[in-house]
Amino acid sequence: MRLLNVDTFTFTEFFGIKPPSYAIASHRWLAGTEAMWEDIHRRKKTSQVGYLKVVGFVDYVKKQLPLVKWLWIDTCCIKQQSDRELSEAINSMFRWYREAEVCLAYLEDVPTSIDITAFEHSVWFRRGWTLQELLAPSVVIFLSKNWQVVGHKGHAGQGRSGITMDTGPSLMYRISGITGIAEAVLQDYDNARDLNTKDKLKWMQSRNTTREEDLSYCLLGILDVSMNIRYGDGDEKTRKRLMEKVSSREALIQNESHDDYRIEFNLAEIPTTDHFVKREADMQHLTAFFASEARNERQQVFVVFGMGGTGKTQLCAEFARTNKLRFGAIFWFDGSSKDALERSMAQSALRLPKHNDPLSVHRADTQIDDSQLRSNLLRWLAQRANTGWLIVIDNVDREWQQNAKDPQAYNYRDYLPHADHGSVLITTRLSSLQRPQASLNLESVDRKLAKEMLEIRAGGLVEGIDVLLDMLGGLPLALVQAGAYLRETGTTVADYMEYYKNTWEDLMQSQSRSLLQENGGESVLTIWKMSYEQIKSTDMLAAKLLDLWAFLHRDDVWPELVLTSQANSELLGLVESSSFIRATKLSLTNSIGTLARFSMINRGTSSRSHSIHPVVHTWCLHNLTTPVARNEMLAIAVSLVAQMIQVLPEDVTRHTKLRLAAHAKTVGSRMESLTVSTELADDCDQIATFLAGWEKSDEVETLYRQALLGKERHLGPDHLSTLQTVNKLGNLYAGQGKTGSAEEMYQRALQGKENTLGPEHTQTLATVNNLGLLYADQGKMAAAEDMYKRALQGYENAFGPDHTSTLVMVNNLGILYRNTAKTAEAEEMYQRALRGKEKACGPEHTSTLYTVINLGNLYADLGKTAAAEEMYQRALKGYEKVWGPEHTSTLDTLDNLGDLYRKQGRQTAAEEMYQRALAGYESMSRTPKVEARVTQIRASLSSVRVDVTASVSEPARETRPQSTSASTQNTTSDPHLEPTPSIPRKGLRQAVLALRNRSWSLSSTR
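Counting with the numbering used here, you get residues 2 to 1007 for the letters of the sequence shown.
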């Protein structure tokens, strides 16, 4: 239920919890004028009649009902575009009117409070929906067009809970005359006697609705039935469905009133909670199924399935409690094993009525065994007149097959009566038990419900709850146990997160000591153990795959990732790897199917992609109890990811690289305890290098550190491979801004390469260049210049003056000179780099265009605006041709042109450039970098609009384009690194970070 706060004029949702005291509105809809939820929420159409009507209701409540702070009005408190919400509202509306403090009926065709003739002829009395709005509330106050009280129906002078209010004179005599409804019924509809369906349908004869189906839907609450809302069926078909519902209900009531088959509801056998948070959509799914027309015609079986911990038991327990009057008898069976089920059935047989006990089991006869009791129960359930029962078989989690190995597995149908009536509700983790049109896959709850579940258990608002919600992933069992632990121990979210990360098993043991009864004795620590053991006994590869998954990213595992193990000789020595080495694509697909069948994993939108819940993912890690098993599985994961990186084709999509990067990051997060061999050291290095193309995270550092330890141990500290990893660590630290650590790594790599390869070797020169970049980043310009000149001379000697690697150093020197105000030297370097790149790469190559941009920036600094514009226009034309109009390099060049035009006072041209650049960035996914560019360009655009005569002295930006052409790469040994995206240049640091995108060799832009 969504209510409007009359003080703040904002909406609040009360789904699953009792709403506060509220007034409810009744009025006649005027097509095309009403204010919807969006209009009120966004303050739109404020002068429209419907909006003003909402304001009128709000003002009336504030002035006349000061103790009531909430209002419900159908036009805006229901999101009319949501079919599900509309259906729920229609089925709930009678109850909402009944539970309101007061109903305010606004009659816009009654001009004054004393015009009784107009009141008696009001259209309000001829509309279908207003019938329930008249009958359900305990008090209805009728208001004239000018919001004056005409009179009331029901209690005089007070609302439903006794709040004093001006109700005006009683109008029940007149209303009875208008509607033909007896005054006693108007006074207290809920307790009115001798009313039948025919009488209620008669009240509708003179009423009408805009949509013909609503002639039936507006009667749902009055006739005390619910049904699926379908517009388009027409009046006749909808009325037929309605009457079938009514007939079923009346038959049910008749059955329930028959004492022979009624058994009092027994809470003792049901795992209940006083803190259940309603899952409205899921509950409605169950309610709609068991209220269907076929209920009394055949046996109804419904299956709720899903992963352990999603709340299947609690949902079904709440359904049973909510519907205890609807069913003549409710039996709850423990289905966790064959023995448990048979014990439950025997125990339930003792509850049968004595006068209706086929075997008289209540006599003092101790010789009746459990088998006889079960048979007796099934015979009682099968009796022809006994149709109103519900059986719940909870936790049917053991997979049954012909010749099943598990002696406690069973076919649940063998334990149901063979009569074709009654209702059966099954909860299970086995997706194989789902039934077409009669199943509900119960998943994790959404963020709003998750927050509510956790805070109810925690006893109030929880500071910092968002990070905890992310970690627990909406899993109800984890949420309620975490909330209870926070309440009982006073632990903060920060401490809980720390315990969860570092002492998970101890934390789970501590928090599982409470709440075990309502969760069927299960906790996060134990709930998936039985499923795992069953999987292990039937499909060892599936169990091993689950173990392996603990060291891969939880969201996306596909068979080909695991199949790379067969090309990986280093796995042959690992005991745990044998299952994967022997696996085929078919066997892996089948094993993934096993995990999905036990609801341990979720199938993705693509049948080739699968995920696992974050809490289950953590459980899998701790399910491996020995360090040896953990280390072997981690080693397998490292090898698999590295092998997959090696076999990636050159034309691999960004999506595939992102999928693999997620696994690389997870492997990095698990690396601390692994003893690294030579082969695994290479794998760690390769994974880190791949991941470094996406981020400069702690996981990348961990992988490099492990690779370095392994190489130092097995190859020695001065081996070339070791030094390459040292150089990569230097690049990582430089990218993270850890300049001291970066310099230490670079100096070590340089010294080692000079000793091993010589001072003029190109790999030595690559580290020299990296040191130059670092010194420039630190503002040590003289030292940076020395490094650049040394590298330049070395490349000229090795490759010649026009080689792309040489030209990179020329370009770097140009950037350095520009940033140290040596403009003549900068221009000389840029011109040399441009000539060389035009010759080596072509005039429209992105590397060439990068130098064109640099020249444009320099000319803009020098005030050579015509030359700067020429360079920018050339770069723009080239980028549009190579990358397209929406690429970041193109957009940044537009921004540069905007800066130049603004500097020249050409405000219209500047605004046009900024608009184009802004439109391009606003169309992209909003990453932090994109958001920053949008903010910058908007600021530039605003300054142009605010002061069209202003001259802005801000220098143009230097941008770095993307380049994937093999001809622009030198000797990079990682073809899978994503090129650094183009960036705006505001200073030297950005240029340095942009240039440092290769870890051990030069590219054309370095």
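For every residue, glycine included, the Cβ atom is placed at its ideal position computed from N, Cα and C.
Check	Outcome
Relative to the alpha-carbon of ALA861, which residue among LEU835, TYR851, GLY837 and TYR902 has its alpha-carbon at the smallest distance?	TYR902
Quick check on ASN209: does DSSP put it in helix, strand or coil?	strand
For ARG604, name the three-state secondary structure that DSSP assigns.	strand
Check for me: the alpha helix (DSSP H) holding TYR776 runs from which residue to which?	763-779
Could you tell me the alpha carbon to alpha carbon distance between VAL62 and ILE74, rounded to whole angstroms?	12 Å
Over what stretch of residues does the beta strand (DSSP E) that includes ASP395 continue unbroken?	390-395
Using the Cα positions of HIS611 and HIS623, report the straight-line distance between them to the nearest angstrom.	21 Å
In three-state terms, what does DSSP make of GLN300?	coil
Assuming THR891 and TYR880 are in contact, meaning their beta carbons sit under 8 Å apart, how far apart are those beta carbons, in whole angstroms?	4 Å
So, does the region 333-348 touch the region 258-273, judging by three or more C-beta pairs under 8 Å?	yes
Using DSSP bridges, identify the partner residues of CYS104.	ILE25 and VAL141
In the DSSP output, what is GLU828 paired with across the bridge?	Per DSSP, none; premise fails for GLU828.
Could you give the residue range of the alpha helix (DSSP H) that holds THR627?	THR627 -> no alpha helix (DSSP H), and no H or E assigned at all.
Taking DSSP's pairing of strands, which residues face ARG128 in a bridge?	ASN209
Near GLY465, which residues of its chain fall below 8 Å by C-beta distance, leaving aside the five closest residues on each side in sequence?	THR493, VAL494 and ALA495
Could you pull the DSSP bridge partners for ASP335 from this structure?	ASP395
Taking Cβ to Cβ, would you say MET308 is nearer than 8 Å to VAL617?	yes
For LEU978 and THR889, what's the separation of their Cα atoms in angstroms?	Confidence at LEU978 is low in this model, with a pLDDT of 25, below 50, so its placement is unreliable and no value can be given for it.
Which residue wins for smallest C-alpha separation from PHE120, given the options VAL151, ASN92, ARG875 and GLN133?	VAL151
Looking at the secondary structure, which residues open and close the beta strand (DSSP E) in which ILE427 lies?	424-429
Can you have a look at ALA32 and say buried or exposed, based on whether 16 or more other CB atoms are within 10 angstroms of its CB?	exposed
Does LEU721 come out as helix, strand or coil in the three-state DSSP assignment?	helix
Taking the DSSP output, what are the residues bridged to ASN442?	PHE306
What residue ranges within the region 48-89 form continuous beta strand (DSSP E) runs of no fewer than 3 residues, ordered along the chain?	71-73
Secondary structure at SER345, three-state DSSP: helix, strand or coil?	helix
Counting pairs of Cβ atoms below 8 Å between the region 125-141 and the region 89-99, do you hit three or more?	yes
Spatial neighbours of THR723 within its chain, please: C-beta separation below 8 Å, excluding the five flanking residues on both sides.	LEU709, LYS712, GLU713, LEU716, GLY717 and GLY753
Contact between the region 80-87 and the region 54-61: three or more CB pairs below 8 Å?	no
Look at the alpha carbon of GLU744 and the alpha carbon of ALA784, and state the distance between them as a whole number of angstroms.	12 Å
Count Cβ pairs between the region 622-637 and the region 661-680 that sit closer than 8 Å; are there 3 or more?	yes
Hey, how far is the Cα of PRO985 from the Cα of ASP893?	Caution applies to PRO985, whose pLDDT of 35 falls short of 50 and renders its modelled position unreliable; the model cannot decide the point.
Less than 8 Å between C-beta atoms, sequence neighbours within five positions excluded: which residues of the same chain meet that for LEU196?	VAL186
What is the residue span of the alpha helix (DSSP H) that ARG380 lies within?	371-383
Starting from THR13, trace the beta strand (DSSP E) both ways and give me its first and last residue.	11-14
Could you say which of ASN756, GLY801, THR703 and THR740 lies nearest to LEU774 if we only look at CA atoms?	THR740
Please confirm whether any heavy atom of the ligand ZN lies closer than 7 Å to the CB of LEU476.	Absence of the ligand ZN from the depicted structure is noted, as is the absence of any ligand whatsoever, leaving it without description.
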